[in-house]
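Structure, as structure tokens:
In the working numbering, the protein residues as written are 7 to 138.
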């Protein structure tokens, strides 16, 4: 069974956010506009569906009048053990560039490394790795 993939409704910034995530995580990005899907419930250039597939999968779209744009509290997307130490550090630093470090990436008492960063769209990421 595949893992859950976050699907984020952005407030008019889906193309920017998903393109940013591709720059952080790599992978293949597909963006489909409202015009591509023949939708008339938003501006033709808004994103009706976007998919980032790669080391980290993220889906998203621009919120319409009937969708709530993303607002997150009490939830983190965990990338614990998702990559090696160098890649994890790079992901953390890249997410922090436009965001806010909540808890610095650091070695913990149990020997692993982790930290939390809230990105520019309010998504908190828990990035961590074991050195080995």
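We put the CB at the ideal spot given by N, CA and C, even for glycine.
As for any beta strand (DSSP E) of minimum length 3 sitting wholly inside the stretch 50-81, the runs are 53-59, 64-68, ordered along the chain. Look at residue 97 here: in three-state DSSP terms it is helix. According to DSSP, residue pairing for residue 13 in a beta bridge involves 65. Remark: C-beta atoms of residue 65 and residue 74 do not approach each other more closely than 7 Å. Closest in C-alpha terms to residue 108, from the list 82, 92, 86, comes 82. Judged by DSSP secondary structure, residue 137 falls outside any beta strand (DSSP E); it is assigned neither H nor E.
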